[in-house]
Structures are given as C-alpha cells and as structure tokens.
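Visitor:
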Amino acid sequence: MTYVILHALAPIFVIMILGFYAGKAKMVDNQNVSLLNIFVMDFALPAALFAATVQTPWSGIVEQSPLILVLVLAMWIMYAAIYFICTKVFKKSPQDAAVLTLTVALPNYAALGLPILSSVMGDAPSTSLSVAVSIACGSVLMTPFCLMILEREKARLSGEKQGSSLALLPVLMWRSVKKPIVWAPLLGVIFSAIGIKMPEIFLASIKPLGLSATASALFLTGVILSARKLKINGPVLLSCVAKNLIQPFIAWGLVLAFGLSGQIAVTAILMIALSAGFFGIVFGNRFGVQSPDAEASLLISSVLCIVTLPLFISLTAALH
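Sequential numbering from -13 applies to the sequence shown in the working numbering.
#1: In chain order, which alpha helix (DSSP H) runs of at least 4 residues are fully inside the region 85 to 144?
#2: What residue does the alpha helix (DSSP H) around Ala11 start on, and which one ends it?
#3: Does the beta-carbon of Ala(-4) have 16 or more other beta-carbons within 10 angstroms, so that it is buried, or is it exposed?
#4: Leaving out five residues before and five after Thr39 in sequence, what residues of the same chain have Cβ atoms less than 6 Å from its Cβ?
#5: So, does the region 2 to 15 touch the region 214 to 222, judging by three or more C-beta pairs under 8 Å?
#6: Would you list, in sequence order, the uninterrupted alpha helix (DSSP H) runs of no fewer than 4 residues that lie entirely inside the region 42 to 71?
#7: Give the DSSP-derived three-state secondary structure of Gln262 in the structure shown.
#8: Which residue wins for smallest C-alpha separation from Pro93, given the options Ile286, Ser202, Phe269 and Gly263?
#9: Pick out whichever of Ser104, Ser144 and Ser20 has its Cα sitting closest to the Cα of Thr207.
#10: To the nearest angstrom, report how far apart Pro130 and Tyr69 are at their CA atoms.
#11: Specify the secondary structure class of Leu206 as computed by DSSP and reduced to three states.
#12: Between Thr200 and Ala96, how many whole angstroms is the CB-CB distance? I'm expecting something under 8 Å.
#13: Let me know the secondary structure DSSP gives Phe273 once reduced to three states.
#14: With a Cβ-Cβ cutoff of 7 Å, do Ser277 and Val85 count as a contact?
#15: Under the three-state reduction of DSSP, which class applies to Val75: helix, strand or coil?
#16: For the candidate residues Val209, Lys164, Ile54 and Val58, whose alpha-carbon lies nearest to that of Ala5?
#17: Tell me the rounded alpha-carbon separation between Leu115 and Ser51.
#18: Starting from Asp279, follow the alpha helix (DSSP H) in both directions and report where the run begins and ends.
#19: Excluding the 5 residues preceding and the 5 following Phe269 in the sequence, name in chain order all residues of the same chain whose CB lies nearer than 6 Å to its CB.
#20: Go through its chain and collect everything with a Cβ distance to Ala(-6)'s Cβ below 6 Å, but skip five positions before and after it.
#21: Taking all protein chains shown into account, do 16 or more other C-beta atoms lie within 10 angstroms of the C-beta of Lys229, making it buried, or fewer, making it exposed?
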C-alpha cells in the first residue's frame, strides 16, 4: 500500500519540482505568473471540473448523497476552525487566513483521489463517480468561501464603499460565481440534474484542457514556491496536524454519527484523509496574496500523507 501511495504522490512532487526548477532557473518569471494563473484558473481547471460533473449521472450523484454530506461537513468544520484560529490566535490577515484555510480544508481530490481510491476499492465505475462527486463538492461548496473573503478584502483595499457584511454578501457571492472555477462545475451539476447531455465532440474538444489541469496547477504551484523560502512555524504545524490527522477523524465521527458503513464510509474517510490541496495557493496568487504558511503546509502535508494515509487505510478496513 505504501508503494501505491508513493506511486500516486510521485507525479505531484515531480511536476512541482519541475515548476520549482523552472522558476529558480529563471526559465519562468516566478515573480509574475499571471498568464499561467489565468490559464489554470480560467481555462484548464474549469474545463476539467465541468467535464467531471456534466458526465456524472444525476442518479449517481443522488446515490452519493451520504458521501456528499460527510465531505461537506468535514470540510466546513475544518474551514471554520482553522480560519478562526488563524485570524484570532495567530492574527493573520483575512486574505492570508483564507488561502491557508482553503489549502488545509480542501483535500487534494484532483491529483490523489482516483489513484488512492482505486487501489483500495478497485477500478469500479462507482470509484470514478465518488472522485467526481468529491471534486464537485470541493469546487462548488468550498471554494466560494475563500473567493468571497478575497473579493471582500480586495474591495476594501481598493477603497470601494463598504456596507455591512450581510449587505455585501450578494455582491461577493455574484463575484465568486462569475469566476469559471465556480460556475463551470456548477453548470455541469445543473446540466446533469436536468438531463442535458453535452455532444461528444464538445467533450472531446475540451478534454485536452482538462487533462492539463492538474499538471499545470502543480507546475504553477512549483513556480510560486520557487520564489519563497520554506518556513515551519506554529500555523504550519497546526495546519498539517489538522489536515492529516484531525480532519479524517472528524469525517470518521460523522460517518459513525450518520450510521454509515461499507464503501461509502470508507470512501468518505479516505477522501478527507488525502493531503492538502493546491487550490488555495493558486487562488491567492490570482488575487496577489502570498501565503508562505499555505505553501509550507502543502509540501509538508503531502510528505506526511505517505505515513498517515496507510494508517487510515488500515483503520478503515473494519468498515468494509
């Protein structure tokens, strides 16, 4: 099992190292990655997420509702807790806290979900469906929280007239929903729900974009990391422990509370037990927000995953 996990993690580290090298060698300007960021956030990732959700049968999504419930609650609980600690205890700015929090709360479903779940559950259609549902949950029900905070602080810093947070909520939500990274997977879910099937030629046309999504996002993350120095501090240590240990146990508690068992229970826990994701860092960079703690957490969490994932795979064996 350790080999399987290493096999799944290897592409992540290799691609990030290539991006890191490209940045350090000045092959890519690591101080100005706006063009690469636009490609990743506005084209590649939205195309991948739309394709994943629009091809997921609505009946399958409904059958996965217990999984959706556990994933969303585990992510929301972690997001609320880490954001509160970052802003109140560590006195981080809202933007920095939002980037770090999304990095911790949203697991790396896109890169690790399918290889890890396939190794445990087998290559059944339900495995791919579970991963697609997990990605949709994260992109539709998690990323808007981070985007709204980043939009709010961007407006505040630019001197825009500010009202109450409640009054600003519709505006912030609209700004978030307008971004392709949010509306693309949401549109896919809507199409799936009402039974609209996209023409095969269209799906074939955007497939290359989707295939490049994870690789380009990891390469971009490596380029961003090449401009920083890795620092380990309190927020980083807390984030890694919370992501790799506490959040999976939260998912486990939810599984027990809802009386779940079998494949759904194991899938929910293992999906949450994946390492930290890269969405937060990529989002932050798009808004000009640098979070060294989020970057360090991403790297350390990915390394720790080599130890913690086999632990949870062994512990969940009794739930099969």
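We put the beta carbon where it would ideally sit given N, CA and C, even for glycine.
Guide: Inspection of the coordinates gives the following:
#1: 95 to 107, 111 to 127 and 129 to 143
#2: Segment: none, Ala11 is in no alpha helix (DSSP H) and carries neither H nor E.
#3: Flag for Ala(-4) reads exposed.
#4: Ala122, Pro171, Gly174 and Val175
#5: no
#6: 44 to 49
#7: Contrary to the premise, residue 262 reads as Ala rather than Gln in this sequence. Reduced to three states, the DSSP call for Ala262 is strand.
#8: Gly263
#9: Ser20
#10: Straight-line Cα distance between these residues: approximately 14 Å.
#11: Reduced to three states, the DSSP call for Leu206 is helix.
#12: 5 Å
#13: Coil, per DSSP.
#14: yes
#15: coil
#16: The residue asked about is misnamed: residue 5 is Gly in this sequence, not Ala. The shortest C-alpha separation from Gly5 is found at Val209.
#17: 12 Å
#18: Pro278 to Leu301
#19: Contacts found: Cys132.
#20: The residues are Leu98, Pro101 and Ile102.
#21: buried
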